[in-house]
Amino acid sequence: SSPCRELRNDITEVKVLSMVKQSELFERWRTLQLCKWELNKTEANTFRSLLTRCCNAPAFLFTTQKNTPQGMKLKYEVDSSGFLPIDTEIFKLFPKEMPYSRSQFKKCAVVGNGGILKKSECGKEINSADFVFRCNLPPISTKYTDDVGVKTDIVTINPSIISERSLTSDGRSEEH
1 SSPCRELRND ITEVKVLSMV KQSELFERWR TLQLCKWELN KTEANTFRSL
51 LTRCCNAPAF LFTTQKNTPQ GMKLKYEVDS SGFLPIDTEI FKLFPKEMPY
101 SRSQFKKCAV VGNGGILKKS ECGKEINSAD FVFRCNLPPI STKYTDDVGV
151 KTDIVTINPS IISERSLTSD GRSEEH
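Here the sequence shown is numbered in full-length UniProt numbering, starting from 1 and rising by one per residue.
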């Protein structure tokens, strides 16, 4: 709607936060959250096109044997000084090619491991998603099933998590 579009524009046009009263900005943000979200296909297609041209995101969404050769030093995105040499053992863990096509999923769930879903009883809703991302090696056990579900299509891990934990041979983590 037009008032919602105006609110969004007001918020995104703020360049210097000190020039705006924080309470007014937060009030606009709270009001904007009440607006009904509608897909703008033109904007979505424009953004998708820009994203494809700038960084070929679909080709590099996953680390694969095809896009990450053995012997390469993989740069950590979160640590400018960190590199991971891709040896034979690590290379074998990568899928040969990107495991998912460009198909569109109707409903996705992204589940972290920060505990925000504790006692939420969102498990059934998460399990009903067509595709479930789980971030940073979250615990999946019957203890948390009611809150975070069990369905998992892909698990991500940040380099910081790798350096904080060492994995046992059965995939469990041990804190350092």
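All C-beta atoms in this analysis are idealised placements derived from N, C-alpha and C, irrespective of residue type, glycine included.
Since this is a predicted model, take the numbers as computed values, not measurements.
- Residue burial annotation: Leu-61 is exposed, with fewer than 16 other C-beta atoms found within 10 angstroms of its C-beta.
- Rounded to whole angstroms, Gln-104 and Pro-3 show a C-alpha spacing of 31 Å.
- Relative to Asn-127, the option among Cys-135, Lys-106, Pro-139 and Val-150 whose CA is nearest is Val-150.
- In the structure shown, Thr-156 falls within a strand segment according to DSSP collapsed to helix, strand and coil.
- Cβ neighbours of Asp-146 within its own chain (closer than 7 Å, five residues either side excluded): Glu-121 and Gly-123.
- Bounds of the beta strand (DSSP E) holding Ala-109 are 108–111.
- For Cys-135, the enclosing beta strand (DSSP E) covers residues 131–135.
- The residue from Ala-129, Val-155 and Glu-125 with its alpha-carbon nearest to that of Pro-138 is Val-155.
- Annotated three-state conformation of Lys-75 is strand, per DSSP.
- Scanning its chain for C-beta atoms nearer than 8 Å, with the 5 sequence neighbours on each side dropped, one finds around Ile-11 the residues Leu-25, Arg-28, Trp-29 and Leu-32, in chain order.
- Across the set Ala-129, Gln-65, Ile-157 and Glu-43, the C-alpha of Ile-157 shows the shortest separation from the C-alpha of Gly-112.
- Scanning the stretch 80–104 for uninterrupted alpha helix (DSSP H) segments of 4 residues or longer gives 88–93, listed from N- to C-terminal end.
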